[in-house]
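K.L.:
Each position in the sequence shown, counted from 1, maps to that position plus 1073 in this note's numbering. The C-beta atom is built at its ideal place from N, Cα and C for all residues, glycine as well. I have a structure here, written as structure tokens, and I will follow up with some questions on it.
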Amino acid sequence: MNDFSYTRPSHPTEAISALLSQSDALYLGGGTNLIDHLKLGVVSPSQLVDVRYLGLDKISSDSRAVTIGAGATNSAVAYHHEIQNHFPVLSEAILAGASPQLRNVATTAGNLLQKTRCTYFRDIHSACNKRVPGSGCSAIAGFNRSHAILGVSSACIATHPSDMAVALTALGAVIHVQDSSGVRKIPIESFYVPYGEDPAKENILKRGDLIIAVEVPQTPWFVHSRYVKARDRSSYEFALASAAVAVDLDGGKIRNSRIALGGVATKPWRAHAAEAALVGQTATIAAFRAAAEAELASATAQKDNGYKIELSKRVIVKALQEAADVRGA
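Have a look at this one:
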């Protein structure tokens, strides 16, 4: 590990200035992702700017939205009474990720910004366009059982690892970002960018931008929401496929829905095709399956991960069943 300096600002503007003072400085939150990368040699910053002491750990609410501070820990969010009561999908998604020890220190902003768990990204001896642009993608010809089937390009097939971000995508969250000139609000779907030929660019943040909060709109029917995650083991494991869903029902008819997928795409994946297929349909397993088929029609499988197409469909159906309280096998 290379030597680096450490600074602990007490205000967001100080943190932004400190980061901009050195070209390779990085923000440090909970460190659950960054510390791994420091030890692996994936990153070698000259300075770490600790953003845990900026007073950004509060969770507040009004009739319009719940606002989650960027520094709020995953545990604080998952167990917050308003999150559990109004947005159960968010609580379930967080509790499906990592371990209690990690959730106690991992932050909201850090979760949104965590890097892929692709083996080739984390191995500095492998070609990886995300780590070293233009070097190639070892995963395409390598072992790619856990890789993406949606949003892929010829440059990268790595999945986004977050569970929390998938739920926030389904809930239409808005990310508050501060820079040296002020604060702007970014819908989460506009926050992440397609990999295309530049997979090293994962979001629209500019150098020095600091996430300060995440806002979740108070939508009454979000109470009917669930998170379903398929993985190799039942704890401390990343998703092979997951679905965060919310359903607005009028009797047995579906007026509206929100569906986002995890573990199968290069970013938290809003399932617009599935949502469109459900509008006006009776909430049945057959309708859920048809919606899942519509969403996965564009999936692109690699040599080892074709199973994810069917698995994703089943995860979508299961999540919709639970959210809409539809019985059946």
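With 16 other CB atoms within 10 Å as the buried threshold, where does N1106 fall?
P.N.:
Its Cβ being crowded by 16 or more others within 10 Å, N1106 is buried.
K.L.:
Tell me which residues share the same chain as S1371 and place their Cβ nearer than 6 Å to its Cβ, disregarding the 5 neighbours each side in the sequence.
P.N.:
Close CB contacts of S1371 within its chain, under the 6 Å cut and outside five residues either way in sequence, are absent.
K.L.:
Measuring only the C-alpha atoms, how far is N1158 from W1342?
P.N.:
24 Å
K.L.:
For G1401, which residues from the same chain have a beta carbon less than 6 Å from its beta carbon, with the 5 sequence-adjacent residues on both sides left out?
P.N.:
I1358
K.L.:
Sorted by chain position, which residues of the same chain lie with C-beta nearer than 8 Å to V1266's C-beta, five sequence neighbours on each side aside?
P.N.:
For V1266, where only same-chain residues beyond five positions count, the Cβ hits under 8 Å are K1274, E1275, N1276, I1277 and K1340.
K.L.:
So, with DSSP's three-state summary, where would you put T1105?
P.N.:
coil
K.L.:
Leaving out five residues on either side along the sequence, give the residues of the same chain with a beta carbon under 8 Å from the beta carbon of G1281.
P.N.:
I1089, L1092, L1093, D1252 and S1253
K.L.:
What residue does the alpha helix (DSSP H) around S1385 start on, and which one ends it?
P.N.:
Y1380 to A1397
K.L.:
Whose C-alpha, out of M1237, I1197, D1135 and E1348, is nearest the C-alpha of K1112?
P.N.:
I1197
K.L.:
Grab me the residues of S1172's own chain with a C-beta within less than 8 Å of its C-beta, minus the 5 sequence neighbours each way, in chain order.
P.N.:
S1308 and Y1309
K.L.:
Is A1169 helix, strand or coil by DSSP?
P.N.:
coil
K.L.:
Between the stretch 1237 to 1246 and the stretch 1328 to 1336, do three or more beta carbon pairs fall short of 8 Å?
P.N.:
Flag = yes, the stretch 1237 to 1246 and the stretch 1328 to 1336 touch.
K.L.:
Alpha carbon to alpha carbon, how far is Y1380 from A1312?
P.N.:
13 Å
K.L.:
Please confirm whether G1102 and R1125 have their CB atoms less than 9 Å apart.
P.N.:
Yes, the Cβ-Cβ distance between G1102 and R1125 is below 9 Å.
K.L.:
Specify, as a first and last residue, the run of the beta strand (DSSP E) that E1288 falls within.
P.N.:
Where E1288 is concerned, the enclosing beta strand (DSSP E) stretches over L1283 to P1290.
K.L.:
Just verifying my parser: in three-state terms, what is the DSSP assignment at Y1100?
P.N.:
Three-state DSSP puts Y1100 in a strand.
K.L.:
In whole angstroms, give me the CA-to-CA distance for S1117 and T1189.
P.N.:
17 Å
K.L.:
When you compare the CB positions of L1186 and I1284, do they come within less than 9 Å of one another, or not?
P.N.:
yes
K.L.:
Taking the alpha-carbon of V1296 as reference, which of A1243, Y1100 and D1109 has the nearest alpha-carbon?
P.N.:
Among A1243, Y1100 and D1109, the Cα nearest to that of V1296 belongs to A1243.
K.L.:
If you draw a straight line from the C-alpha of T1232 to the C-alpha of V1399, how long is it?
P.N.:
30 Å
K.L.:
Which residues in the same chain as R1218 place their Cβ atom closer than 6 Å to its Cβ, once the five residues preceding and following it in sequence are excluded?
P.N.:
Excluding residues within five positions, the ones whose Cβ falls inside 6 Å are D1377 and N1378.
K.L.:
Helix, strand or coil for I1197, going by three-state DSSP, please let me know.
P.N.:
Looking at I1197 - three-state DSSP - the assignment turns out to be coil, as it is neither helix nor strand.
K.L.:
For the beta strand (DSSP E) containing P1422, name the first residue and the last one.
P.N.:
Here the chain has residues from 1074 to 1402 only, and residue 1422 is not among them.
K.L.:
Which residue or residues does DSSP assign as beta-bridge partners of R1299?
P.N.:
V1318
K.L.:
Look at R1331 and V1318 and say whether their C-beta atoms are less than 9 Å apart.
P.N.:
yes
K.L.:
Under 8 Å by Cβ, that's how I've got A1374 and A1364 pegged, so tell me the actual separation to the nearest angstrom.
P.N.:
Not quite, the Cβ-Cβ distance comes to about 20 Å (not below 8 Å), so this is no contact.
K.L.:
Alpha carbon to alpha carbon, what distance is there between A1151 and I1141?
P.N.:
11 Å
K.L.:
Per DSSP, what kind of secondary structure is T1357 in: helix, strand or coil?
P.N.:
coil
K.L.:
Could you name the residues of the same chain whose beta carbon sits closer than 6 Å to that of K1021, not counting the 5 residues immediately before and after it, in chain order?
P.N.:
No answer is possible for residue 1021: it lies beyond the span of the chain, which begins at 1074 and ends at 1402.
K.L.:
Using a threshold of 9 Å, state whether the C-beta atoms of A1138 and P1290 are closer than that.
P.N.:
Cβ distance < 9 Å, so A1138 and P1290 count as in contact.
K.L.:
In whole angstroms, what separates the C-alpha of R1195 from that of G1325?
P.N.:
47 Å
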